[in-house]
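Trainee: Just passing along the structure, written as structure tokens.
Residue numbers (the numbering used here): 10 to 179.
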């Protein structure tokens with residue numbers, strides 16, 4: 010076998026990122042305004058997006074959409090993409106949907122994440138799309154629900170709900 014056809018060949022993945030500017034330089038935007046700046050590439054995607062290979066692609070009031078690319082670097086010992094990739098993709102979309110409706114001057118954090126994986130994801134699975142929507146926005150908590158759908162096959166891969174705490178920034 011040549012080096013290019015050896016399935017056991019050592020591989021590498023380079024990850025680079027650009028940190029977001031300090032909050033004071035962004036101009037105290039609302040959550041929706043901040044996320045729109047990310048979609049419009051005025052500020053960078055968060056580092057976790059590059060680490061795992063997903064990105065925020067759409068945002069509106071009460072809604073967020075991420076897309077992610079499975080790959081060999083995400084495999085677990087069973088040969089499927091680790092469920093943590095799906096959970097992180099869902100947590101990012103769900104939290105972003107909530108962030109779009111959090112009142113200015115408040116922040117959120119995930120309190121509970123319930124994920125249901127209904128179909129395996131493999132390294133060769135094409136791009137996945139995660140759509141999330143806020144269900145409830147209260148004074149101290151918010152909830153959202155989301156789904157991961159295959160962009161090529163339209164199949165459901167996972168769905169989830171979240172409960173977020175709404176609080177004053179630290």
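From the three backbone atoms N, C-alpha and C, an ideal C-beta is built for every residue, glycine too.
Hey, residue 71 and residue 109 are a contact pair by Cβ (cut 8 Å); roughly how many whole angstroms apart?
Mentor: Here residue 71 corresponds to residue number 62 of the chain shown, with the count starting at 1. Here residue 109 corresponds to residue number 100 of the chain shown, with the count starting at 1. Correct: roughly 6 Å between the Cβ atoms.
Trainee: Let me know the secondary structure DSSP gives residue 110 once reduced to three states.
Mentor: Along the chain shown, one-based indexing puts residue 110 at 101. Correct three-state label for residue 110: coil.
Trainee: Figure out for me which residue from 99, 114, 62 has the closest Cα to the Cα of residue 40.
Mentor: Here residue 40 corresponds to residue number 31 of the chain shown, with the count starting at 1. The shortest C-alpha separation from residue 40 is found at 114.
Trainee: Within the region 89-142, note down every full beta strand (DSSP E) run reaching 3 residues or more, in order along the chain.
Mentor: Segments of the beta strand (DSSP E) lying fully in the region 89-142: 116-126.
Trainee: State the DSSP-derived secondary structure class of residue 58, mapped to helix, strand or coil.
Mentor: Walking along the chain shown from the start, residue 58 turns up at place 49. Here residue 58 sits in helix by DSSP.
Trainee: Using a Cβ distance threshold of 8 Å, determine whether the region 74-90 contacts the region 143-152, with at least three qualifying pairs required.
Mentor: Too few Cβ pairs lie closer than 8 Å, so no.
Trainee: Which residue comes first and which comes last in the beta strand (DSSP E) that contains residue 156?
Mentor: Translated into the one-based positions of the chain shown, residue 156 becomes position 147. It spans 150-159 - the beta strand (DSSP E) in which residue 156 sits, taken as one unbroken run.
Trainee: What's the C-alpha gap between residue 154 and residue 56?
Mentor: Residue 154 sits at position 145 when you count from the first residue of the chain shown. Residue 56 sits at position 47 when you count from the first residue of the chain shown. Using only the alpha carbons, I get a separation of about 24 Å.
Trainee: Indicate the three-state DSSP secondary structure (helix, strand or coil) for residue 40 in the structure shown.
Mentor: Walking along the chain shown from the start, residue 40 turns up at place 31. Here residue 40 sits in helix by DSSP.
Trainee: Is there contact here, the region 131-138 with the region 157-171, by at least three beta-carbon pairs under 8 Å?
Mentor: Flag = yes, the region 131-138 and the region 157-171 touch.
Trainee: Between residue 98 and residue 35, what straight-line distance do the alpha-carbon atoms span, to the nearest angstrom?
Mentor: Mapped onto the chain shown, residue 98 falls at position 89. Mapped onto the chain shown, residue 35 falls at position 26. Spanning the two alpha carbons is a distance of roughly 25 Å.
Trainee: How would you call residue 106, buried or exposed, if buried means at least 16 neighbouring beta carbons within 10 angstroms?
Mentor: Position 97 of the chain shown holds residue 106. So residue 106 ends up on the buried side.
Trainee: Report all residues from its chain with a CB closer than 7 Å to the CB of residue 167; omit the five preceding and five following residues, and keep chain order.
Mentor: Position 158 of the chain shown, counted from the start, is the residue given in the question as residue 167. Cβ neighbours of residue 167 beyond the five flanking positions: 95, 99, 124, 125, 126, 127, 157.
Trainee: Could you give the distance in angstroms between the alpha-carbon of residue 24 and the alpha-carbon of residue 33?
Mentor: Taking the chain shown and counting its residues from 1, one reaches residue 24 at position 15. Taking the chain shown and counting its residues from 1, one reaches residue 33 at position 24. Approximately 27 Å, taken between the alpha carbons.
Trainee: State the Cα-Cα distance for the pair residue 102 and residue 21, rounded to the nearest angstrom.
Mentor: Numbered from its first residue, the chain shown carries residue 102 at position 93. Numbered from its first residue, the chain shown carries residue 21 at position 12. Between residue 102 and residue 21, the C-alpha separation is close to 28 Å.
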